[in-house]
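The working numbering puts the first residue of the sequence shown at 2, with every later residue one more than the last. Okay, so here's the structure we're looking at.
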Amino acid sequence: MNRIEKLLAQMTLAEKLGQLTMTAAGHAVTGPVIAGDSTEAIKTGAIGNLLNLVGAGPVREMQRLAVEESRLKIPLLIGLDIIHGHRTLIPIPLAEAALFDPQTWEMTAREAAKEGAADGLAMTFSPMLDVSRDIRWGRTAEGSGEDTWVSVQMARAKVRGYEGSDLASPDALAACAKHFCAYGAVLAGREYASADISERTLLEVHLPPFDAAVAVGVATIMPAFTDLAGIPMTANKKLLRHHLREQLGFDGVLVSDYNAIAELMHHGIAADLPEAAALALEASVDIDMMADAYRRGLPVALERGLVTMEQIDESVRRVLRLKERLGLFDDPYRRGSRPESQAALTHRRKLARSVAARAIVMLKNDRQTLPLPGTLRRMCVIGPLADAATEMGGCWGAAGRPEDRVSVVAGLRQALPGTEIVHAPGVRFSGEDESGIAAAVDLCDGADAIVLCIGEMASMSGEAASRAFPEVPATQRVLAEAVFERARAKGLRVVVVLFSGRPLVIPWLAEQADALLAAWFLGNEAGNAIADVVLGHTSPSGRTPMSWPRAIGQIPLFYAERPGGRPYNPKDHFTSKYMDVPNEPLYPFGHGLTYGHFTFANLTVTPDRVAEKDTIEARVEVTNQGAHAAEETVFLFTHDKIATVTRPVLELKGVGKVTLRPGETQTVRIAVPASELRFPGRDLTPVFEPGEVEILVGPGADRSQLLVQTLVLLAA
Ligand code: BGC
2 MNRIEKLLAQ MTLAEKLGQL TMTAAGHAVT GPVIAGDSTE AIKTGAIGNL
52 LNLVGAGPVR EMQRLAVEES RLKIPLLIGL DIIHGHRTLI PIPLAEAALF
102 DPQTWEMTAR EAAKEGAADG LAMTFSPMLD VSRDIRWGRT AEGSGEDTWV
152 SVQMARAKVR GYEGSDLASP DALAACAKHF CAYGAVLAGR EYASADISER
202 TLLEVHLPPF DAAVAVGVAT IMPAFTDLAG IPMTANKKLL RHHLREQLGF
252 DGVLVSDYNA IAELMHHGIA ADLPEAAALA LEASVDIDMM ADAYRRGLPV
302 ALERGLVTME QIDESVRRVL RLKERLGLFD DPYRRGSRPE SQAALTHRRK
352 LARSVAARAI VMLKNDRQTL PLPGTLRRMC VIGPLADAAT EMGGCWGAAG
402 RPEDRVSVVA GLRQALPGTE IVHAPGVRFS GEDESGIAAA VDLCDGADAI
452 VLCIGEMASM SGEAASRAFP EVPATQRVLA EAVFERARAK GLRVVVVLFS
502 GRPLVIPWLA EQADALLAAW FLGNEAGNAI ADVVLGHTSP SGRTPMSWPR
552 AIGQIPLFYA ERPGGRPYNP KDHFTSKYMD VPNEPLYPFG HGLTYGHFTF
602 ANLTVTPDRV AEKDTIEARV EVTNQGAHAA EETVFLFTHD KIATVTRPVL
652 ELKGVGKVTL RPGETQTVRI AVPASELRFP GRDLTPVFEP GEVEILVGPG
702 ADRSQLLVQT LVLLAA
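Structure representation (structure tokens):
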């Protein structure tokens, strides 16, 4: 008998349920939920998994209780939300998505895993793979934006990065693909609300990133809090048991979201805790995070005949197998016994800075306002986010410490030792007090550069942070208008650094700013990275992974729309449009300026007749006609013109990158397996349909800027 079966044979029901329970540790932010002392519960085997424990010391002590003081000595699985870095915070996922660079995405996940594992942790609740097309939803910040192809690449890169090549390695973490599934489609962008989408949208838009995570071996998956067309995901047997386990062969661990099993009662599909627990177990949810529903509910559910011991054993086996794969039985202290070297930390900090600089999206740069010269005499840095180091962290702090974060003012001071940098917040984050505005605006007089730092606070995006007005908060707008007015009067230009966990609706700001940088939340190195871009040490290269609406009423706005029978034509009244605002976004998906100036020419696509097994190669000549070296991002979209099911006007299928000196030209090649042109056909099974397909290549999802070639798909 193998180790797991031997253990299982010795386990009492209470010990089995302990393995199916995850609770916040004594050292947790939220405190223990299990009555009594959770350390006692570890010793009795009543708790087998922990979350929210920070620091190698406390982690080791909890592990010691399990492996030295409990009867069966089963190690604990200890996890934390390492979403965008552990101690070294990096840009929030939406910002990192702006790199459009899977290699870097994998590298940062690898570094986060090393850092988390050095603290003794064995699991992270990341990556979040929810496609989000609604900027009202605060969790947009935690994912990679509106596009499915991007989320698929993110899924592969992050899972590989966290898990490495061997889960048992002392620097590997079990990843958790979350939140399965369609959480980003919550009603009206309102957190925790119901999602109700077509099966086609589920198959085309929301499932592929999770399928990709399973294909590269993700160790765990977390069902979403939400229901999908009336079936809460925590009890969604069709998608969890049938799709993930039976169709895809996922044999890893399903871990519920925080208290989600008990919330099946609020959803209205379970009358009491035993029923809720039975529904989740039946759907094959293995670990109950924070609801204590399995420990309290399953014994009663067993008595009532709602579940069987075999079902419980099936889940216990999966949890034990994960612990075995993580190497925890062989050496429970393999993680967290050796502090990282100074060199490793320095390397990571450098990486964090370069990733942060590359995540910045330059939305506007009129009259080459940026980069600013390094010879400034006096610089005026205004706004509540200018000297707000803590805010730079973004939505998930993990083990990061506010004192390790660099504010914009600090970054600029560091980079410009010879420049006098004056600063005033002008207004506070919350409240309507405008009394500080006049003094802040007066600082502009006599400055030769003005940098205005405004936007959301970190806590305005992330979980439970939906906003009906995803805009710059009102008092900050008053400040900004006053700064613009003074700058105009004095003939000065204003560089705006905009912080947010989502695109914001900012037509007034886009109009008045001379230069506008989307700085999202960039993590520990935010201020240094912003200084790098503002001063031209780094040429900005980030591209927005979401469309920026020009009006709230356009939401949800995303590029991959279907054409409809009366496609948008601003000159034709009876077409799909608004009376009061154009259909186009303020900034399209993929938009982002650089300090170069790129042109595209001579698109060729081969072969021009393609079978499903072929690979298509697009080649395009890219020239930098600007005065600075810069990196350009090249997007490849497809459009299937005639198909049995209407296809979106554009579908992203590939991305290329090239760095060019002024005057330089290079050919960028992007390869796409033709099999990726498959789509769920009329009966929802995948088809590769013969006919013409357009290949569109260029700098973003604005069709007017794309070069087009048509190729023919051949029948099998
Ligand atoms: C969130 C998850 C997270 C979990 C544990 C929940 O509230 O929805 O994304 O992993 O808490 O912190």
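Glycine residues also receive a C-beta, built at the ideal position from the N, C-alpha and C atoms.
Cβ-Cβ distance between L204 and G144 below 8 Å: Sequence index remark: in the sequence shown, residue 204 carries index 203 (1-based). Sequence index remark: in the sequence shown, residue 144 carries index 143 (1-based). Taking 8 Å as the Cβ cut-off, L204 and G144 do not qualify as a contacting pair.
E107 CB to nearest heavy atom of the ligand BGC below 7 Å: For the purposes of this step, residue 107 is identified with residue 106 of the sequence shown, where counting begins at 1. No.
H424: CB within 7 Å of a non-hydrogen atom of the ligand BGC: By one-based count along the sequence shown, residue 424 stands at place 423. No; taking the cut-off as 7 Å, the Cβ of H424 has no heavy atom of the ligand BGC nearer than that.
Residue closest to Q513, alpha-carbon to alpha-carbon, out of V635, L188, D367 and T202: Taking the sequence shown and counting its residues from 1, one reaches residue 513 at position 512. Of the listed residues, the one whose Cα sits closest to Q513 is D367.
Assumed close pair L661, V623 - CB separation to whole angstroms, cut-off 8 Å: The residue labelled residue 661 in the question sits at position 660 within the sequence shown. The residue labelled residue 623 in the question sits at position 622 within the sequence shown. That belief holds up - the Cβ atoms of L661 and V623 are roughly 7 Å apart, short of 8 Å.
The stretch 587 to 606 touching the stretch 705 to 715, judged by at least three CB pairs closer than 8 Å: yes
Cα-Cα separation between R246 and D252, rounded to whole angstroms: Numbered from 1 along the sequence shown, position 245 holds the residue referred to as residue 246. Numbered from 1 along the sequence shown, position 251 holds the residue referred to as residue 252. C-alpha separation (whole angstroms): 6 Å.
Candidates A344, D449 and E164, of which the one nearest I83 by Cα: In the sequence shown, residue 83 corresponds to position 82, counting from 1. Residue E164 is the option with its Cα nearest to I83.
Y259 beta carbon near the ligand BGC (any heavy atom closer than 7 Å): Here residue 259 refers to the residue found at position 258 when the sequence shown is read from its first residue. Yes, since a heavy atom of the ligand BGC falls inside the 7 Å radius drawn around the Cβ of Y259.
E311 versus G86 - alpha carbon distance: As a working note, residue 311 is residue 310 in the sequence shown. As a working note, residue 86 is residue 85 in the sequence shown. Cα-Cα distance, rounded: 39 Å.
Cross-strand partners of L706 (DSSP beta bridge): On the sequence shown, residue 706 is found 705 positions in, with the first residue counted as 1. Going by the sequence as given, residue 706 is Gln instead of Leu. None, per the DSSP bridge assignment.
Opposing strand residues paired with Y588 [DSSP bridges]: Within the sequence shown, the letter at position 587 stands for residue 588. W549, per the DSSP bridge assignment.
K179 CB to nearest heavy atom of the ligand BGC below 7 Å: As a working mapping, residue 179 is identified with position 178 in the sequence shown. Because some heavy atom of the ligand BGC lies under 7 Å away, the Cβ of K179 counts as near it: yes.
For F500, the residue or residues it bridges with in DSSP: If you number the sequence shown from 1, residue 500 lands on position 499. Its beta-bridge partners are G456.
Q710 at chain D interface by Cβ criterion, 8 Å: Although the question refers to chain D, the structure presented lacks it and comprises just one protein chain.
In DSSP terms, what H424 is bridged to: As a working note, residue 424 is residue 423 in the sequence shown. Paired residues: V382.
Touching by the beta-carbon criterion (3+ pairs, under 8 Å), the stretch 50 to 67 and the stretch 373 to 385: no
Identified DSSP bridge partners for G699: Walking along the sequence shown from the start, residue 699 turns up at place 698. DSSP, once it has assigned bridges, lists F636 as partnering G699.
Integer Cβ distance of P583 from T545, believed to fall under 8 Å: Position 582 of the sequence shown, counted from the first residue, corresponds to residue 583. Position 544 of the sequence shown, counted from the first residue, corresponds to residue 545. Rounded, the Cβ-Cβ distance is 18 Å, inconsistent with contact.
Beta-carbon proximity list for I422, same chain, < 7 Å, skipping 5 on both sides: For the purposes of this step, residue 422 is identified with residue 421 of the sequence shown, where counting begins at 1. If we look at I422 and ignore the five residues flanking it on each side, its Cβ neighbours are M380, V382, V410, L413 and R414.
Ranges of the beta strand (DSSP E) found wholly within the stretch 139 to 192, counting only runs of at least 3: 177 to 181
For L517, three-class secondary structure by DSSP: For the purposes of this step, residue 517 is identified with residue 516 of the sequence shown, where counting begins at 1. Strand.
Backbone secondary structure at L712 - three-state DSSP: As a working note, residue 712 is residue 711 in the sequence shown. Here L712 sits in strand by DSSP.
Bridge partners - G1, DSSP secondary structure assignment: Because the chain is modelled from 2 through 717, residue 1 falls outside the range shown and cannot be assessed.
heavy atom of the ligand SAM below 7 Å from F226 C-beta: In the structure on display, the ligand SAM does not appear, and the ligands it does have are the ligand BGC.
Cβ contact check for the stretch 332 to 352 and the stretch 40 to 53: 3 or more pairs under 8 Å: no
Distance, F126 Cα to N525 Cα: What you label residue 525 is simply residue 524 of the sequence shown in a count that begins at 1. What you label residue 126 is simply residue 125 of the sequence shown in a count that begins at 1. Taking the straight line from one Cα to the other gives about 21 Å.
Assigned secondary structure, M12 (DSSP; H/G/I helix, E/B strand, else coil): Reading the sequence shown from its first residue, position 11 is the one you call residue 12. It is coil, neither helix nor strand.
E315 classed as buried or exposed, judged by whether at least 16 other C-beta atoms fall within 10 angstroms: As a first step, residue 315 must be located in the sequence shown, where it is residue number 314. Exposed is the call here.
Chain-order list of residues whose beta-carbon lies under 7 Å from that of G56 (same chain, five-residue window excluded): On the sequence shown, residue 56 is found 55 positions in, with the first residue counted as 1. Within the same chain, G56 has close Cβ partners D120.
C-alpha distance - K658 paired with Q667, whole-angstrom precision: The sequence position of residue 658 within the sequence shown is 657, counting from 1. The sequence position of residue 667 within the sequence shown is 666, counting from 1. The alpha-carbon atoms of K658 and Q667 are separated by roughly 11 Å.
Cβ-based burial, T420 [other Cβ within 10 Å; buried from 16]: Within the sequence shown, the letter at position 419 stands for residue 420. With 16 or more other Cβ atoms within 10 Å, it is buried.
Any non-hydrogen atom of the ligand BGC closer than 7 Å to F126 Cβ: Translated into the one-based positions of the sequence shown, residue 126 becomes position 125. F126 Cβ: within cutoff of the ligand BGC.
Buried or exposed (CB count within 10 angstroms, at least 16 for buried), Q626: Taking the sequence shown and counting its residues from 1, one reaches residue 626 at position 625. It is exposed - the Cβ of Q626 has fewer than 16 other Cβ atoms within 10 Å.
Cα-Cα separation between P33 and A345, rounded to whole angstroms: For this step, residue 33 is matched to residue 32 along the sequence shown. For this step, residue 345 is matched to residue 344 along the sequence shown. A caution first: P33 carries a pLDDT of 42, below 50, which makes its placement in the model unreliable, though a value can still be read off. Straight-line Cα distance between these residues: approximately 34 Å.
Distance CB(L651)-CB(V317) smaller than 8 Å: The residue you call residue 651 lines up with position 650 of the sequence shown. The residue you call residue 317 lines up with position 316 of the sequence shown. No, the pair does not count as a contact, with Cβ atoms beyond the cut-off.
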